[in-house]
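Chemist: In our numbering, the protein residues as written are 262 to 588.
Just so you know, even glycine gets a beta-carbon here, dropped at the ideal spot from N, CA and C.
Okay, here's the structure, questions in a sec.
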Ligand code: CDT
């Protein structure tokens, strides 16, 4: 019998700055109802799914940004999501901004801020937590930018690595599930760390502006979606896993996010794609046995990987130039 799970990417249309969490949660609960009617067993919501993508807004006093963060999960406002999971017997993945009071590297307990995602079981248990590692953007107000991207101001680098859990989900006794968040999808290292834990299903949420404002360079509009899909399709193929990649989409606080949520199989094929810039559910039946081909042939890591040649991957951060060839 095949190991099949029915999954959904629950894309969210824009959440405006003034929109209270309760409205966003209502919209997500409606998507879970629809998912249930379609036989879905696991729903993936986007990055920072409860609020507008607030890193575009500058707060001189960083503490003012605390209002975008959750101090408890579940909370009164997010409890309906956990209740819907129990009611419909559906697991879910949720991205949110997290405040945690915990010790840092020096052992001092302090208030810490992370861009976080969790995986919740159909019984409402938090099975797995991930904190975003690759934080894009900048820490200070950038006057040359039309729109700010202040993730480096509001979040610390995630300190949980890239964990994978094997847990029951849907009708299956155990699925190897991992997470990454938005910009992480562009980094092959993130995928490979999950792949090395035999991940079968990667969940990721994203908020990606339609226009690239980095360094004043030119990136054609259509290439924004292409590069997102390219990264996810390559990651799924090279690590022989499924990926559910869910966007926040549409015009939020006057800024366009490109949507195009996808579900990808271990061959790197897109099996479902969102076409609106609104709340939209896309679904796919994922036969996890499809992961076997890649991981027993071309990407049989135990047979073919050569870590002795990969030292630079962990020894080095930035690129170095080779010396100039001389005769
Ligand atoms: N949210 C997020 O990580 N977005 C980035 C765009 C960053 S542009 C400064 C992404 O890689 O999609």
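1) Does the structure place the segment 350-363 close enough to the segment 300-313 that three or more beta carbon pairs sit under 8 Å?
2) Quickly, what does DSSP pair residue 542 with across the bridge? List them, please.
3) Count the other CB atoms within 10 Å of the CB of residue 337; is the residue buried (16 or more) or exposed (fewer)?
4) Which runs of the beta strand (DSSP E) at least 3 residues long sit entirely within the segment 489-524? Give them in chain order.
5) Measure the Cβ-Cβ separation of residue 511 and residue 274 and say whether it is below 7 Å.
6) Please go through the same chain and pick out, in chain order, the residues whose beta-carbon is closer than 6 Å to the beta-carbon of residue 498, but skip the five residues on each side of it.
7) Can you give me the C-alpha to C-alpha distance between residue 417 and residue 513, rounded to a whole angstrom?
8) Would you tell me roughly how many angstroms separate the C-alpha atoms of residue 402 and residue 550, rounded to the nearest one?
9) Less than 7 Å between the C-beta atoms of residue 535 and residue 277, yes or no?
10) CB-CB under 6 Å to residue 472, same chain, minus the five flanking residues each way: which ones, in chain order?
11) Would you say the beta carbon of residue 437 comes nearer than 6 Å to a heavy atom of the ligand CDT?
12) Restricting to Cα atoms, I'd like to know which of 543, 570, 313 is closest to residue 468.
13) Any chance the CB of residue 312 is under 6 Å from a heavy atom of the ligand CDT?
14) Tell me, please, whether the segment 380-388 touches the segment 326-346 by the rule of three or more beta-carbon pairs shorter than 8 Å.
15) Threshold first: 4 residues or longer. Then list the alpha helix (DSSP H) segments lying entirely within the segment 324-382, N to C.
16) Is the Cβ-Cβ distance between residue 392 and residue 422 less than 7 Å?
17) Pop quiz: residue 360 and residue 327 are said to be a contact at Cβ under 8 Å. What is the actual Cβ separation, rounded to whole angstroms?
18) Restricting to runs no shorter than 3 residues, where is the beta strand (DSSP E) found entirely within the segment 409-486?
19) Could you check whether the Cβ of residue 490 sits closer than 6 Å to any heavy atom belonging to the ligand HEM?
20) State the Cα-Cα distance for the pair residue 291 and residue 437, rounded to the nearest angstrom.
21) Taking the alpha-carbon positions, what's the residue 504 to residue 462 distance?
22) The alpha helix (DSSP H) that contains residue 292, what's its start and end?
23) Is any non-hydrogen atom of the ligand CDT found closer than 6 Å to the C-beta of residue 500, if you look at the structure I gave you?
24) Would residue 265 pass as a contact of residue 302 if the rule is Cβ separation under 7 Å?
Modeler: Per the coordinate set shown:
1) Taking a cut-off of 8 Å for Cβ pairs, the segment 300-313 and the segment 350-363 touch, as three or more such pairs fall below it.
2) As a working note, residue 542 is residue 281 in the chain shown. Note: residue 542 sits in a beta bridge opposite 271.
3) Residue numbering aside, residue 337 sits at position 76 when the chain shown is read from its first letter. Exposed is the call here.
4) List check, beta strand (DSSP E) in window: 503-508, 510-513, 516-519.
5) Taking the first residue of the chain shown as 1, we reach residue 511 at position 250. Taking the first residue of the chain shown as 1, we reach residue 274 at position 13. Against a cut-off of 7 Å, the Cβ pair of residue 274 and residue 511 comes out as a contact.
6) Residue numbering aside, residue 498 sits at position 237 when the chain shown is read from its first letter. Cβ neighbours of residue 498 beyond the five flanking positions: 529.
7) The count along the chain shown starts at 1 and reaches residue 417 at position 156. The count along the chain shown starts at 1 and reaches residue 513 at position 252. Going from the Cα of residue 417 to the Cα of residue 513 covers about 24 Å.
8) What you label residue 402 is simply residue 141 of the chain shown in a count that begins at 1. What you label residue 550 is simply residue 289 of the chain shown in a count that begins at 1. About 48 Å.
9) Here residue 535 refers to the residue found at position 274 of the chain shown. Here residue 277 refers to the residue found at position 16 of the chain shown. For residue 535 and residue 277, no; Cβs fall outside 7 Å.
10) Along the chain shown, read from residue 1 onward, the residue named residue 472 stands at position 211. Counting only Cβ-Cβ distances below 6 Å, and skipping sequence neighbours, we find nothing.
11) Against the chain shown, residue 437 aligns to sequence position 176. It does not: the Cβ of residue 437 is nowhere closer than 6 Å to a heavy atom of the ligand CDT.
12) For the purposes of this step, residue 468 is taken as the residue at position 207 of the chain shown. Among 543, 570, 313, the Cα nearest to that of residue 468 belongs to 313.
13) Looking up residue 312 in the chain shown gives position 51. Every heavy atom of the ligand CDT is 6 Å or more from the Cβ of residue 312, so no.
14) Counting Cβ pairs under 8 Å, three or more are found: they touch.
15) Entirely contained in the segment 324-382, the alpha helix (DSSP H) runs reaching 4 residues are, in chain order, 340-349.
16) On the chain shown, residue 392 is found 131 positions in, with the first residue counted as 1. On the chain shown, residue 422 is found 161 positions in, with the first residue counted as 1. Residue 422 sits away from residue 392, with the two beta carbons spaced by 7 Å or more.
17) Stepping through the chain shown from its first residue, residue 360 is reached at position 99. Stepping through the chain shown from its first residue, residue 327 is reached at position 66. Yes, they are in contact, since the Cβ atoms of residue 360 and residue 327 sit about 7 Å apart, within 8 Å.
18) Runs found: 425-430, 433-442, 462-467.
19) The ligand HEM is absent from the structure shown, which contains only the ligand CDT.
20) Taking the first residue of the chain shown as position 1, residue 291 is located at position 30. Taking the first residue of the chain shown as position 1, residue 437 is located at position 176. Whole-angstrom Cα-Cα distance: 27 Å.
21) As a position in the chain shown, residue 504 is number 243, starting the count at 1. As a position in the chain shown, residue 462 is number 201, starting the count at 1. Rounded to the nearest whole angstrom, the C-alpha separation of residue 504 and residue 462 is 6 Å.
22) As a working note, residue 292 is residue 31 in the chain shown. Start and end: 282-298.
23) Within the chain shown, residue 500 is the residue found at index 239, counting from 1. Distances taken from the Cβ of residue 500 to the heavy atoms of the ligand CDT include none shorter than 6 Å.
24) By 1-based counting over the chain shown, the position of residue 265 is 4. By 1-based counting over the chain shown, the position of residue 302 is 41. Contact check for residue 265 against residue 302 fails: the beta carbons are separated by 7 Å or more.
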